[in-house]
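Chemist: For the sequence shown, numbering that gives the first Met the number 0 begins at 0 and goes up steadily by one. Sharing a structure here in structure tokens format.
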Amino acid sequence: MSAVDLAETAAGLLEAWSSRSLGMVGAACVKVLRMDELPVEEESHGAAEALLVLDGRLELEVDGMPVPVRAGELFMVATGAAHAVRPGSRGTLVIVELPEE
Numbered sequence: 000m001s002a003v004d005l006a007e008t009a010a011g012l013l014e015a016w017s018s019r020s021l022g023m024v025g026a027a028c029v030k031v032l033r034m035d036e037l038p039v040e041e042e043s044h045g046a047a048e049a050l051l052v053l054d055g056r057l058e059l060e061v062d063g064m065p066v067p068v069r070a071g072e073l074f075m076v077a078t079g080a081a082h083a084v085r086p087g088s089r090g091t092l093v094i095v096e097l098p099e100e
């Protein structure tokens with residue numbers, strides 16, 4: 000596999016918050032997406048997930064508390080933690096997660 004330009008890949012997606020799978024690392028899926036200013040509804044997962052902001056800012060809310068994640072920062076969402084995206088997020092996000100069964 001060759002190197003992937005993450006910002007270019009995210010910019011080429013037709014819709015914001017619509018991720019593109021880049022591949023698997025063991026059982027985990029690595030995805031990239033483009034964030035926009037709109038919020039995303041609360042969700043939780045049966046496994047932890049990693050959120051890496053490449054550029055911009057992720058306005059996250061975890062268990063009801065605001066958690067801003069800036070460019071170059073990684074946030075680990077704990078297993079079962081309720082999390083949502085608040086208005087104002089923008090940029091490129093990489094997600095590493097286990098596929099839902």
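All residues carry an ideal CB built from backbone N, CA and C; glycine is no exception. Being a predicted model, the structure only gives us computed values, none of them experimental.
Which one of Leu37, Val24, Ser43 has the shortest CA to CA distance from Ala15?
Modeler: As a first step, residue 15 is located in the sequence shown; it is residue number 16 there, counting from the start. When each option's Cα is compared against that of Ala15, the closest is Leu37.
Chemist: Within a Cβ cutoff of 7 Å, which residues of the same chain sit near Met75, ignoring the five residues on either side of it in sequence?
Modeler: Indexing the sequence shown from 1 puts residue 75 at position 76. Closer than 7 Å at the Cβ level, and outside the excluded window around Met75, lie Ala47, Ala49.
Chemist: With a threshold of 6 Å on Cβ separation, who are the neighbours of Leu51 within its own chain once the five nearest residues in sequence on each side are excluded?
Modeler: By one-based count along the sequence shown, residue 51 stands at place 52. Cβ neighbours of Leu51 beyond the five flanking positions: Leu73, Val93.
Chemist: Among Met23, Met34, Ala10, which residue has its Cα nearest to the Cα of Pro86?
Modeler: Taking the first residue of the sequence shown as 1, we reach residue 86 at position 87. When only C-alpha atoms are compared, the closest one is Met34.
Chemist: May I ask you to list the residues that DSSP assigns as paired with Pro67?
Modeler: Locating residue 67 in the sequence shown gives position 68, counting from the first residue. According to DSSP, which records beta bridges pairwise, Pro67 is partnered with Glu58.
Chemist: Note the first and the last residue of the continuous alpha helix (DSSP H) segment covering Glu7.
Modeler: Start at 1 with the first residue of the sequence shown, and residue 7 comes out as number 8. Its alpha helix (DSSP H) spans residues 5 to 10.
Chemist: In three-state DSSP terms, what is Leu21?
Modeler: One-based indexing of the sequence shown puts residue 21 at position 22. Three-state result, Leu21: strand.
Chemist: Relative to the C-alpha of Leu11, which residue among Thr91, Val39, Val66 is closest?
Modeler: For the purposes of this step, residue 11 is taken as the residue at position 12 of the sequence shown. Before going further, note that residue 11 is Gly rather than Leu in the sequence given. Of the candidates Thr91, Val39, Val66, the one whose C-alpha sits nearest the C-alpha of Gly11 is Thr91.
Chemist: Label Ala9 either buried or exposed according to how many other C-beta atoms from any shown protein chain fall within 10 Å of its C-beta, with 16 as the threshold for buried.
Modeler: Along the sequence shown, read from residue 1 onward, the residue named residue 9 stands at position 10. Answer is buried; the Cβ neighbour count reaches 16.
Chemist: By Cβ distance, which residues of its chain are closer than 6 Å to Val66, with the 5 residues on each side in sequence left out?
Modeler: Taking the first residue of the sequence shown as position 1, residue 66 is located at position 67. Within the same chain, Leu59 come within 6 Å of Val66 by CB-CB distance, once the 5 residues on both sides are set aside.
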